[in-house]
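Chemist: Be aware that the sequence shown starts at 123, since it is given in the numbering used here, and climbs by one per residue. Each residue gets a CB set at the ideal place from its N, CA and C atoms; glycine is no exception. These figures come from a predicted structure and were not determined experimentally.
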Amino acid sequence: MLRARAEKALRETRLDDAVTWADHLVAVQPNEANKRLATAAHLAMARQRRLLEHWDAAAAQIRAACALGIPADTELRRSLTIELAHVGDVARALELAQQREGPEFVAVLLGHAADMAVRRGPAGRAALPEALHADYDRIASAFADQAAGRDDAARAALQGIGLSSRFLEWKLFLRGLLAYYQNDDARALENWQRLRPDRLPAALAAPLRFQVDADYRVALPPNEQRRLQGALDALQRSPLIQQLRSVQSLSAGTRTLVQALAKAPQLLPLLRTQAPNAVPRLAACFYWAIVNHGNFEDVADFTRHFGTPADDPTCSRLHALACERRGLPAEAHQFWQQFEKRLAQHPEAWPGTQAARVRALVWRHMGEIAERAEPPPTSDDTPPFLRMLTDFAKPLRPSAEACFKHSLELAPDQQVSYERLLSYYREHDQFGKAEKIARKLLQRFPEHAATLEALGDLRVEAEDFAEGLQWFEQAQERNPLERRLRFKRSTAHGHRAVQHAAARRFAEARADFQAALALAPQPHDPVLLCRWAATEWKAGETNRAEELMQQAVAAEGSALAVAYRMLVEAARLKLPVEVIRRMERAFLDGLQEPPTASAAVGLADTLSRLRLLDLSYTGSKGHEKKIMRYLERCRTVPFAEQQLEHLGASLGQLEAHKQLKVFGQLGQRQFPANPHFYYMEAEAYIGAGPTNCPIPKVKELLAKARELAAARPHDGGRDILLDAIQAREAMLNSLNGLFSSDILDVIFDSFHEE
123 MLRARAEKAL RETRLDDAVT WADHLVAVQP NEANKRLATA AHLAMARQRR LLEHWDAAAA
183 QIRAACALGI PADTELRRSL TIELAHVGDV ARALELAQQR EGPEFVAVLL GHAADMAVRR
243 GPAGRAALPE ALHADYDRIA SAFADQAAGR DDAARAALQG IGLSSRFLEW KLFLRGLLAY
303 YQNDDARALE NWQRLRPDRL PAALAAPLRF QVDADYRVAL PPNEQRRLQG ALDALQRSPL
363 IQQLRSVQSL SAGTRTLVQA LAKAPQLLPL LRTQAPNAVP RLAACFYWAI VNHGNFEDVA
423 DFTRHFGTPA DDPTCSRLHA LACERRGLPA EAHQFWQQFE KRLAQHPEAW PGTQAARVRA
483 LVWRHMGEIA ERAEPPPTSD DTPPFLRMLT DFAKPLRPSA EACFKHSLEL APDQQVSYER
543 LLSYYREHDQ FGKAEKIARK LLQRFPEHAA TLEALGDLRV EAEDFAEGLQ WFEQAQERNP
603 LERRLRFKRS TAHGHRAVQH AAARRFAEAR ADFQAALALA PQPHDPVLLC RWAATEWKAG
663 ETNRAEELMQ QAVAAEGSAL AVAYRMLVEA ARLKLPVEVI RRMERAFLDG LQEPPTASAA
723 VGLADTLSRL RLLDLSYTGS KGHEKKIMRY LERCRTVPFA EQQLEHLGAS LGQLEAHKQL
783 KVFGQLGQRQ FPANPHFYYM EAEAYIGAGP TNCPIPKVKE LLAKARELAA ARPHDGGRDI
843 LLDAIQAREA MLNSLNGLFS SDILDVIFDS FHEE
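(1) Roughly how many whole angstroms lie between the Cα atoms of Pro91 and Tyr686?
(2) At the level of alpha carbons, what is the spacing between Glu541 and Leu563?
(3) At the level of alpha carbons, what is the spacing between Pro451 and Ala852?
(4) Whole angstroms is fine: what's the gap from Phe227's alpha carbon to Gln370's?
(5) Buried or exposed: Met123, going by 16 or more other Cβ atoms within 10 Å of its Cβ?
(6) Mapping the DSSP letters down to three states, classify Cys815 as helix, strand or coil.
(7) Taking DSSP as the reference, what is the three-state secondary structure of Ala131?
(8) Mind checking which residues open and close the alpha helix (DSSP H) that includes Ala229?
(9) Using only the alpha-carbon positions, how far apart do Ala638 and Pro698 sit?
(10) What residue does the alpha helix (DSSP H) around Trp314 start on, and which one ends it?
(11) Should Pro797 go down as buried or exposed, given a rule of 16 or more other Cβ atoms within 10 Å for buried?
(12) Do three or more CB pairs link the region 205 to 224 to the region 177 to 189 at distances below 8 Å?
(13) Which runs of the alpha helix (DSSP H), 4 residues or longer, sit entirely within the region 279 to 358?
(14) For Gly859, is the classification buried or exposed, using 16 other Cβ atoms within 10 angstroms of its Cβ as the cut-off for buried?
(15) Pull up the distance between the alpha-carbon of Gln565 and that of Ala849, whole angstroms please.
(16) Decide yes or no for the touch test of the region 477 to 496 against the region 533 to 547: beta carbon pairs closer than 8 Å, at least 3 of them.
(17) Would you report the Cα separation of Arg608 and Trp458, rounded to the nearest angstrom?
(18) Based on Cα-Cα distance, which residue from Thr395, Ala374, Asp433, Glu583 lies nearest to Ile412?
(19) What does the Cβ neighbour count give for His468, buried or exposed, with the cut at 16 atoms within 10 Å?
(20) Between which two residues does the alpha helix (DSSP H) holding His528 run?
(21) Can you give me the Cβ contacts of Leu518 inside the same chain, cut-off strictly under 8 Å, excluding the 5 residues immediately before and after it?
(22) Alpha carbon to alpha carbon, how far is Leu165 from Ala215? Give it in angstroms, no decimals.
(23) What's the C-alpha gap between His836 and Gly789?
(24) Near Arg125, what residues of its chain come up, given a Cβ to Cβ distance below 6 Å and the 5 sequence neighbours on each side ignored?
(25) Would you mind reading off the limits of the alpha helix (DSSP H) that contains Glu658?
(26) Quick one: Cα of His768 to Cα of Gln775, how far?
(27) Can you give the Cα-Cα distance for Val759 and Gly786, rounded to whole angstroms?
(28) Would the region 266 to 274 and the region 343 to 351 be scored as touching if the rule is three or more Cβ pairs under 8 Å?
(29) Is it buried or exposed, Ile842, if we count other Cβ atoms within 10 angstroms and call 16 or more buried?
(30) Quick check on the burial criterion: 16 or more other C-beta atoms within 10 angstroms. Buried or exposed for Gln598?
(31) In angstroms with no decimal places, state the Cα-to-Cα distance between Ala149 and Thr142.
(32) So, at 6 Å on beta carbons, what are the nonlocal neighbours of Leu530 in its own chain, with the 5 sequence-adjacent residues on each side left out?
(33) Please state the DSSP three-state secondary structure of Leu124.
(34) Counting pairs of Cβ atoms below 8 Å between the region 708 to 715 and the region 672 to 689, do you hit three or more?
(35) Compare the C-alpha of Phe877 against each of Glu669, Pro643, Ala614, Arg653 and name the closest.
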């Protein structure tokens, strides 16, 4: 019990208690471990008393530690030896060091003895060995000369101290101090950076080095930075510094910012006298403090003390930034319009063409605010209840589109403004406008790879695959390592091949299929092989078609999936009835066999493509129901991670919410680090309708998916998933600004989906 109390008191630096309990412990059990603990307690007490310059008390603690015997522990013994030197018993410390330690430690000990002597003055000198007296006298003389302003005499006194002297640290300290007073910071640092951190000169130089050495300052922990800043302020003893520190601490809080502004009238006259260049910097500090955490009422106090900023005479920009910080987009939008209007009325405040460019930047920023405030664009896969709720949102005026266009009118060479407008049009499915602005962007920036790719996407969307390929190829030339572009080129070739096949241009179709396969991620893509096989059937090349089908089965790993792909392609190209019936028989027979993961993935993929292309054929609805029943049988089938990802993507396009939830939860259990499966379950809830959509759980799932996706390496799939997660989160977050939770509950309860 005594030992536990002593150790705890020592850890908590309750040194009086630690010494008391440790001494009691030694009295009861005088073994080596207890003596070591008591020695450590007395040493800690001695060090504390010494730093307070209570020399007699420190010496008493050292004597008590020595009475316990010389510790066997090397570190503890050396600490005791050094403390002996610090309290002035240098002779005994040297005797102990020479008996137990080597010459290197003796040299360290004499360095600490030199520190003690300088700190204690003549009494310390008397405790030093005779050989150190001369260098002590040189340091003392240099200090006296420096204090009297005799810098040259101080430097001359320091010349006699050599590199092996125990007072070398003090020579470096004083030379640095002389340079510091002459504003030669580089020379001061040159000396202070050579100081040993365990010696007294380094501790004395630390506050001044903290002021002039940025690297040293940044490397320190926050608590040490605050300690040294306080020591520096105490050294300088400037009332201006103290007042600025007070303002700094007050301006950091919302409630105390008013108090900081109230100190400005007393501070500004002194600041204008002693440091006039600092006045605008102080004004800027208050400006951004108001933006970040101030109140709108603080603006009046700010302008009364500092006047209005030259670049924001109406403080509209200040109000706009503050509104943005507080999540008030409508108010921020209005204040930015006021700021822009002032810029337009007084362009002379900005030299040359800068006024127009500044206005363009403001309009673009207004467009970004308006775009964020708009409800997320709805699409075919947006659940009906979310589409209905977002209809209540009121867009800002001017709209995001108008703001981006106005920005381009003022500065038509701003690439970012083109990009934002292009992105806006694409997100809102305004493909005609998007294509027009993309072509304008490329007229000015023909090497912009992202726009080349975007224009390729737009032309493919318009089913102009030939031009789409041209743009993709140009984008690939600028970005040859981008695998996403290879995939897009493969897809475009595949679509164009189907176009050729439908028009009976079989040679051209074969060339496109070959190009598509060469660019595809898989060397034998089963989708492309099935399409090519259907093309050969249409061309009357039955043997070649059979050969391609067998290649597709080998690549797919499932004859059932290939049979259904061929059934869809046969209907798409209007192949003979006997071919369609053959594929249908193979498909129906395969459904009766035990389910497999590869078949499930292939069937769901083909069914989703059929839905995407809006294709149907006789019996397609019945076949779809049979496939969904087949997928239900696959819940106990072992899936690979990538297979489950592909299955989830297809189920999402099919709006098969029940199955999407089941397989998403299955993926979470088997592959908990994969973000796709959390997103799949969230999509299942969103698509299931208002009565079955637990918004808090959906937000939790999306947050988990975003966290896992962000931790993955950068690639196209990761970025696509993050964009999808962001779109869903924006859609749900937009509801918070439209309705309270109670209103949402009432709305959700009024709808029901079977």
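Modeler: On the basis of the supplied data:
(1) With the chain represented from 123 up to 876, any question about residue 91 goes unanswered, as that position is not in the structure.
(2) Approximately 8 Å between the Cα atoms of the pair.
(3) 15 Å
(4) 46 Å
(5) By the neighbour-count rule (16 or more Cβ atoms within 10 Å), Met123 is not buried but exposed.
(6) coil
(7) helix
(8) Residues 225 to 242.
(9) Per the coordinates, the alpha-carbon of Ala638 lies some 26 Å from the alpha-carbon of Pro698.
(10) 307 to 314
(11) buried
(12) yes
(13) 290 to 303, 307 to 314, 322 to 334, 336 to 341, 344 to 358
(14) Bear in mind that the predicted position of Gly859 carries a pLDDT of just 47, short of 50, making it too unreliable to give a figure here.
(15) 31 Å
(16) By the Cβ rule, the region 477 to 496 counts as touching the region 533 to 547, because three or more pairs are nearer than 8 Å.
(17) 43 Å
(18) Ala374
(19) Exposure of His468 is indicated by the presence of fewer than 16 other C-beta atoms within 10 angstroms of its C-beta.
(20) 522 to 532
(21) Pro451, Ala452, His455, Ile491, Ala492, Ala495, Glu496
(22) 14 Å
(23) 22 Å
(24) Leu147
(25) 648 to 661
(26) If I take the Cα positions, the gap works out to 11 Å.
(27) 14 Å
(28) In short, these stretches do not touch, since the Cβ pair count stays below three.
(29) exposed
(30) Per the 10 Å Cβ criterion, buried.
(31) 11 Å
(32) Ser539
(33) helix
(34) yes
(35) There is simply no residue 877 to check, as the chain begins at 123 and stops at 876 in what is shown.
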